[in-house]
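Chains as they are written, first to last, in the working numbering: chain A, 9 to 335; chain B, 320 to 696; chain C, 2 to 406.
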Amino acid sequence: MITFLIRRLLFMVVTVVFISMISFVLIELPPGSALDAKLQQFRSRGLNVTSDVVKSLEERYGINDPIYTKYWKWISRAVYGDFGQSFYLDQPVSSLIGSRIWFSIGMSTAALLFAWLVAIPVGVYSATHRNSLPDYLITVMQFLGVAIPEFLLAIVLMFIASWYFGVEVGVLYSKAYRDAPWGVGKLLDLLSHLWLPVVVIGTHSTAWLTRVMRANLLDVMGAQYVQTARSKGLGERVVVWKHAVRNALHPLVMALGATLPALISGEVIVSIVLNLPTTGPLYVQALINKDMYLAITFLLFLSILLVVGNLLADLALAWLDPRVRLE
Amino acid sequence: MVTIPRPASGLGSTTAAVDNVIDVRNLHVEFHTSLGTVRAVNGVSLGVPRGKTLGVVGESGCGKSVTAFAIMQLVATPGVIAQGEIILRARGKDPVNLLTYGKASDDMRAVRGRHIGMIFQEPMTALNPCYTIGNQIAEAILLHRTSDPAQADAMALDILSRVGLPSPSRLMTTFPHQLSGGMRQRAMIALALSCEPDLLLADEPTTALDVTTQAQILDVMRELQQHIGMSIMFVTHNLGVVAQMCDEVAVMYLGRIVEQASVDELFDSPKHPYTRALMRSIPQLGSGRKGRLEVIQGSIPGQFSKLAGCQFHPRCPDAIAGVCDVKSPSLLPIGDGAHVSCFLHHDPSGSPRSPEAVVAHAQSMTGAGGATVTSPN
Amino acid sequence: MATVEAVAASQASASTRIAEDVSQWTLMRWRFARNRLSLFGLVVLVLLYVVAAIAPFLAPYPYNAIDTEYIHTPPTPVRFLNGQLSICPLTQFMRDFQWEYTEDCDRAVPIEFMVKGHPYTIFGVPFETHLFGVTQLPPPRTTPVKKTEAKANDPLAAFMGSSGESTTADATQPPRVFLLGSDIQGRDMLSRILEGSRISLTIGLVGVALSVVLGAILGTASGYLGGLFDDLVQRFIEIIQSMPTLPLWAAIAAALPPTMPVPQRYFLITIILSFVSWTGLARQVRGKVMGYSSLDYIAAARLAGCSHLRIILTHMLPNASSHIIVVSTLAVPSAILGETALSFLGLGMLPPAVSWGVLLRDAQQIQSVLLHPWLLIPALPIIITVTCYQFLGDGLRDAADPYSG
């Protein structure tokens, strides 16, 4: 087990390094430099930007260095936590990313939990009450849940919440708590605003997971050990939940790794639509403004989130299924 | 005719006279599919004597497994028990018709595992891979015999050692995938016997095992049967196993029983043409390499086809034109507590024909390459 | 006995005949046809693609025709007046800084079919006929215009124009039939949705086609050849799959200069979309191929002297082909949603090009949507398309799997 973890962690580090390289190349692709937006800012403020100024700025930030030099400079400082400077916002990247990435993690995790807590019971019900009216309704909702794009769902739900319920959307705290110090009240207020984004992010995964759960459970119910369990005289409920569902969860946990990218991407796009202070809006802005270091660091952290998530999913699978041997 | 060593069996006889732990009467199980109704079990009556083994043999699809499942009311949907009675005479309990219990009722669940145990064909998939062997056996014990987990564990340990599994205490905490096929089958036997049932239903338990393991499993089953005094209904298509294990045999074809007799009787003088054909198709040691193996001509009709008259008559070398294709024979007694369903042995009104009449009739068919009824060895 | 036996015999041989004589594809087609939901999905999809092909015919107005007199008009109600389908011309006026419209049904104008409108081409062939349109002018006013209470010397009245009303009443142009309303630049939503279908429906197909080619080739080679090549490809796939999809697409798409011409942009977006999805297909194909390559008939083929390439082309790919089709069909909706998301963020297709994602960009502001809910309508075709692809993919998967019910 320990050897597995060590090997896996080493592999993760290698993966992350490769990802950082790929991200670096990708962000560097667009023509123009990171400085362009900044120079634009200067010019619009009426400052005189001479070519000397431009040159010295370029030298200072190593704009014209070859890409591997830039990469090396960046990565060697990144391991100490210094991810460079955001040109556009004049702030160190680490301070910009800091709180936002925790929000992203929190919302993605919450959405994941939501998806699982809903999908499992609904999927089990759907499988055990096959071809009944609730089953058909659930199937329809599953299809829709997968088909409706998340940002659309975000808009529609915002619309409904705002029009019918008068809920203030697009903010994380209501006016009363915005500048208040942390406390129970603030936390509750935060949660009452977060449920909408979390539900929106999780809907897609919920729909998909429900379908998978239903299909898996139908498969498992035909297995021999379910018959054995019944032949022991166990009640149907015990047979379904203790014996069948436990086995049906395996493919679900295996698929857990596959749902993570969707969750993270969903979080990004929903936060853009709802204008939440998490990674999404800032990331897109950084891309558009070619704010290089900010964008790269975002992409890197999102990838790390995904890699760690996959590791946790593998560990969960090993814990759940005694047949899986970690190698 | 066929010589296979077998243990001495008592005078077996079926139905009413002897104390049968289970009596199946006129059982009909149907499967309603979108393409039609399949009559998987079409009027089956049999009984398993207390402390003895009844073998149920037949080809795949003849309904023998469905019969066993029906006794436990575990027939999978869309199967439905349409008709019949299943009388259980458990030790220390009044006889009861199991079919009066609902499929999922508490009464039926109290019977399953406690009075009737079942072992299945596929040992590889019959145990839940997520739980230890000990857990799964103790689960059954906790359900029926005790509510003390420590005591349940002790009893589980006991039954594991009785099926001949090595280091049973270690096995309590192993998972099914860590065991070989033979060991898993023993574990399943342990599971089925953990509550000391009156009847064990064995649905082709050795089919998936190699011959050496098969012999071991059969030994275990015989031993435990004598130890506990339980009855076994052994469903199989392997006549060799039947000869080894069973006291009585019922031969099934297309959802009906065509012949029922003690094992000696069946192997020495099979009566029904189907049984005779089965016996002839077994390769014999020492017969040399002459000729081909005998096969039963024709093939099993489709599930939905409805045949007039005797179900076997299109493939029967002894079929009587005008009788066998028109009327359906019933299972009637003949001789020593045996039963047969064939117009060769009973005329259409139900009265038995004399043995001479049977031989004469068969000889009259010999010209067409008919059956050769040999007198008992 | 003879008759029954003959019947039984012929029944037996009939069923064996059926099983023997049809190919895998015919079997698949039969099973698929029994699944009503996937048939429904297929029919609707075919309909959608036909609509996309003849979009300009169905659209009453050019998709980029700006009309400042019809900003954010709600959907024009179609009424049945004088025995004809007609619309009532809208009178535009301003109230509280918002343009509002009222109908003037006394002067209804009929909707005509197969009218002559703006010219267009379909596959290079020029046409001028449109399915429906309004070409007639409204009859002149018979009743005076209802004036809002305009006080004399009211500075606001002066500010907002004479009576705050525009003079569409006596316009020289026929009234507009905006069946789905208009956007902020007065462009007909229906026409834009129809035009947008051309990009939205095809970009996914092209993207998936690319990824299928790439994924099938790499997956087959990887699974069949094994060894170092397989290892490298698998590591590469893992690295790509460790990056979240949308942010990755966004990063690449941001590299495209905004001034790039539309066809080029379209092509590059399809490449971007296929950049990630090929990995999923490659993995699945590899799994299947590894399953096949251990089968005996492959060894037999090798012994017979077949080259690797021949084995891959004649044995592996055809066996995996049904699986590839299923996976591709299920990948198209993600590509469509991907393009929609990218365009919505402003990183995918950009104006003047039109796709459903570009249209939804106008619906980003909640306040705007609250006032003009019809801006959300482009979402409907997206949902319908994705759902139908799912039905289709599910049906194909069930049909291709020989062991499912």
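Just so you know, even glycine gets a beta-carbon here, dropped at the ideal spot from N, CA and C.
Check, Outcome
"Proximity below 7 Å, CB of Val647 of chain B to CB of Cys629 of chain B", "What sits at residue 647 of chain B in the sequence shown is Ser, not Val. Yes; because the gap between Cβ atoms is below 7 Å, this pair is in contact."
"Proximity test, Cβ basis, 7 Å: Pro245 of chain C and chain A", "yes"
"Through-space distance from Leu43 of chain C to Thr388 of chain C, alpha-carbon basis", "11 Å"
"Under 9 Å from the C-beta of Val261 of chain A: neighbouring residues of chain C", "Per Cβ cutoff of 9 Å: no residues; Val261 of chain A is ~17 Å from chain C at best."
"Residue closest to Met20 of chain A, alpha-carbon to alpha-carbon, out of C:Arg188, C:Arg236, C:Phe114 and C:Gly228", "C:Arg236"
"Closer than 8 Å at the beta carbon, the chain C residues around Thr23 of chain A", "Glu239, Ile240 and Ser243"
"Leu264 of chain A to Ala321 of chain A span [Cα, whole Å]", "6 Å"
"For Cys449 of chain B and Arg254 of chain A, believed in contact at Cβ under 8 Å, the rounded distance", "5 Å"
"Three CB pairs or more closer than 8 Å across the stretch 209 to 221 of chain C and the stretch 327 to 345 of chain C", "yes"
"Inside the stretch 403 to 489 of chain B only - beta strand (DSSP E) runs reaching at least 3 residues", "435 to 438"
"Nearest-angstrom Cα separation, counted from Val359 of chain C out to Gly347 of chain C", "8 Å"
"Near-chain C residues of the stretch 282 to 301 of chain A - C-beta to any C-beta below 7 Å", "Tyr291, Val292, Leu295 and Ile296"
"7 Å Cβ cutoff, Gly617 of chain B in contact with chain E", "Included in the structure are the protein chains A, B and C, with no chain E among them."
"Nearest-angstrom Cβ-Cβ length linking Met391 of chain B and Ile435 of chain B, presumed shorter than 8 Å", "6 Å"
"Counted within 10 angstroms of its Cβ, other Cβ atoms place Met115 of chain C as buried (16 or more) or exposed", "exposed"
"Leu346 of chain B vs Gly403 of chain B beta-carbon contact at 7 Å", "yes"
"Paired residues, beta bridge with Arg358 of chain B - DSSP", "B:Glu349"
"Stretch-stretch touch, CB-based, cutoff 8 Å, three pairs: the stretch 271 to 283 of chain C with the stretch 44 to 60 of chain A", "no"
"Straight-line Cα distance separating Leu271 of chain A from Thr23 of chain A", "20 Å"
"Exposed unless 16 or more other CB atoms sit within 10 angstroms - verdict on Trp124 of chain A", "buried"
"Inter-residue CB distance, Thr287 of chain A and Ser279 of chain A (contact presumed, cutoff 8 Å)", "7 Å"
"Bridge partners - Asp522 of chain B, DSSP secondary structure assignment", "B:Val554"
"Alpha-carbon to alpha-carbon, Val316 of chain A and Arg16 of chain A", "10 Å"
"Sequence-distant residues of its chain with Cβ nearer than 7 Å to Ser87 of chain C (five each side left out)", "Arg80, Ala109, Val110, Pro111 and Ile112"
"C-beta atoms of Gly382 of chain B and Ala359 of chain B nearer than 7 Å", "yes"
"Exposure of His131 of chain C, with buried meaning 16 or more beta-carbon neighbours within 10 Å", "buried"
"Within-7 Å CB hit, Pro1 of chain C to chain A", "Nothing can be reported for residue 1 of chain C, as the shown portion of chain C is limited to 2 through 406."
"Under the three-state DSSP convention, the category Ala151 of chain C falls into", "Note that Ala151 of chain C scores 48 on pLDDT, short of 50, meaning its location in the model is unreliable and no value can be drawn from it."
"Whole-Å CB distance - Leu141 of chain A paired with Ala256 of chain C, under 8 Å assumed", "Contact doesn't hold; Cβ gap of about 50 Å is too wide."
"Proximity below 7 Å, CB of Pro139 of chain C to CB of Pro90 of chain C", "yes"
"7 Å CB neighbourhood of Ser16 of chain C in its chain, flanking five on each side removed", "Only weak support exists for where Ser16 of chain C lies, its pLDDT of 41 falling under 50; the value from the coordinates is given anyway. Correct list: empty, nothing qualifies."
"Beta-carbon proximity of Pro248 of chain C to Leu121 of chain A, cut-off 7 Å", "no"
"Reduced DSSP secondary structure (H/G/I, E/B, other) of Leu128 of chain C", "Note that residue 128 of chain C is Phe in the sequence shown, not Leu. Correct three-state label for Phe128 of chain C: strand."
"Any 3 or more C-beta pairs closer than 8 Å across the stretch 362 to 378 of chain B and the stretch 544 to 552 of chain B", "yes"
"The stretch 354 to 368 of chain C: positions lying closer than 8 Å to chain A by Cβ", "Leu361, Ala364, Gln365 and Ile367"
"Residue closest to Ile1 of chain C, alpha-carbon to alpha-carbon, out of C:Gln391, C:Asp184, C:Pro75 and C:Val286", "A query on residue 1 of chain C cannot be resolved here, the shown segment of chain C reaching from 2 to 406 and no further."
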